[in-house]
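Comments concern the structure below.
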Amino acid sequence: MASVKRKTVTRSLPSGATITTKKRPATRKELEQSPSTTTITEEIATWKDRNGKKRTGTVVVDKQGKRRVRTKSQTYIAKYRDGAGITQEVPTGCRDKQAAESRLAELVAVAEKVRAGSLTTLDVRIGEHSKTPVEQHICDYIADLRGRKVNEERVKSTDKRLRDSASEAGFRLLRDLNAEALRRWLRSQDGMSAATYNWHVEVWVAFGWWLTGRRIEGKRRSQTGERRMATNPFDGFGKKDVRADRKREARAYTVEEMNRLLGQTRRRPLEDALRIIRGPRKGELTATVSAERRSKLERLGLERALIYKTMFLTGLRLDEMRTLLVADLHLGDTPHLVLKSTNEKNRKGSSVPLRSNLAAELRTWTADKSPNERVFNVPKGMLRILNRDLEAAGIPKVDESKKRLHLHAMRHSTGTHLSAAGVSPRTAQAVMRHSDIKLTMNTYTDERLLDSAAAVEKLPPLLIAGATEESLVAPTVAPESDILGQRRSKRDKMTDDSDVIRKRKNPGNHLGFRGFF
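Residues 515 to 1031 (the numbering used here) are what the sequence shown spells out, left to right.
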């Protein structure tokens, strides 16, 4: 029979508890065991919980002889038979017995509907999940991502965005999830870029599919997971046009800018140490620097210059540069570097070719390093360092069209200069390691550095019948009498008689007109 009760629990004796004795009448079970004992003397522990509330419990001795305290749970437990006839004990979360009995009646009603066939066990589980905190499901989702070996930085950012936006959008329980609430919150975020907006959308859509039981193993998707929601509440959620709302659109470095940047980057650490910063000689590079420190500063400048050069000539991302080991460099007859799948953005693993002069510089740079050492020490503040190097080299960070130079712009420069050098789009795509050639040709190619005029000159010359290539210097319809080699224009054989035109089958086709076709 269904019932509610407060469960008896035993815990260690709280520190600071006071012990008193109390007599009570023996229970029926105790009288059966010892009919002569009509009263029982018990020890009662009294203490205050962390909220300052007074608590009491009966002191008992366990099998090891340790004194413990037995108390009743603060909330009621519902005991009933579910739709499959199995006895279940479910926490009601109710401190009041009457409220707990109401919750028990709901559970019994659901069990009867399952037995009658009007509800399925899946519907029941989904209904139970709908009343649980979203925070719990986010924890389970993040654990699943880590189990799939998803990049840790992506896992952390996903976790943060889900928790922050769930709190702001008012998603407390699973049943609170809905697209309209998320949309209202996203639109209320002033200054949020389209890319950030879309990233939030992608995170919630993926989380919604996970809640419906979708699981990913390798490249396979299946509905083999625990189903916590019947449908994805964020399915079909629209995104913004990123290209129409670029906040920090990158531009490619020119060759002249890169040469200036590399030279200044190599010199700047030492020059900053030599520069006098106050007094009448302020600005002069005459400060005293020890030979040991000079050597360290020169090596630091060389390292930073090599970082920029490697990023420019390979298209490596900043995080890929940070994880690059000496063992990943293969500087033999066909120099290249190997990116492990765990260190690459697309998680595939790639072999990146190296230009011969860069390979020679890397060979010298890593000569005294062990295979397990990192090739470069890339600090977290690398962007600030680049900004100072750009300023020292006299290169504007933002141009007249509001496009910017930053670290990832080096990767844009790789794609741009490959296209400018006439490399085929498919080869450029392979070098850039893009899955979509549109990304290589559109996003990672700065069309302003492409020689469009020279490209047009490579189109084949088209000769009108009877003309020579030399005669096409100027249009034949507009000759100049002082330039030899041009054909004279002739009047089209037209008639001034309008009746002739009206009698023709197609009056709109003027007689004798040949035009440019």
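Glycine is no exception: its CB is placed at the ideal position from the N, C-alpha and C atoms.
- Linking residue 901 to residue 688 through their CA atoms gives a straight-line distance of about 45 Å.
- Residue environment: residue 796 is assigned as exposed (fewer than 16 neighbouring CB atoms within 10 Å of its CB, all protein chains considered).
- Taking all protein chains in view, the Cβ of residue 943 is crowded by 16 or more other Cβ atoms within 10 Å, so the residue is classified as buried.
- About 11 Å separates the beta carbon of residue 606 from that of residue 619, a gap too long to meet the 8 Å contact definition.
- Residue 746 counts as buried, since no fewer than 16 other beta carbons sit within 10 angstroms of its beta carbon.
- For residue 777, the enclosing alpha helix (DSSP H) stretches over residues 769 to 788.
- Counting along the chain, the unbroken beta strand (DSSP E) around residue 592 starts and ends at 581 to 595.
- Where residue 846 is concerned, there is no enclosing beta strand (DSSP E), because DSSP gives it neither an H nor an E.
- If the five residues before and after residue 528 are omitted, its C-beta is found closer than 6 Å to the C-beta atoms of 561, all from its own chain and listed in chain order.
- Between residue 574 and residue 584, the CB-CB gap stays under 7 Å.
- In the DSSP assignment, residue 730 is bridged to 735.
- Contact between residue 872 and residue 930 does not hold, since the beta-carbon distance rounds to 18 Å and is not under 8 Å.
- In this model, residue 753 and residue 707 are separated by some 12 Å (Cα to Cα).
- Residue 898 is positioned such that its CB atom lies no closer than 7 Å to that of residue 762.
- By the Cβ criterion, the segment 518 to 527 is not in contact with the segment 537 to 552, since fewer than three pairs of Cβ atoms, one from each stretch, lie closer than 8 Å.
- If only complete runs of 3 or more residues are kept, the segment 697 to 731 shows the beta strand (DSSP E) at 729 to 731, in order along the chain.
- For residue 763, the three-state secondary structure derived from DSSP is coil.
- Cβ contact annotation for residue 672 (same chain, cutoff 6 Å, sequence separation greater than five): 717, in chain order.
- Rounded to whole angstroms, residue 641 and residue 921 show a C-alpha spacing of 49 Å.
- In the DSSP assignment, residue 865 falls outside any alpha helix (DSSP H) and lies within the beta strand (DSSP E) extending over 864 to 867.
- Going by DSSP, residue 836 is part of the alpha helix (DSSP H) stretching over 832 to 836.
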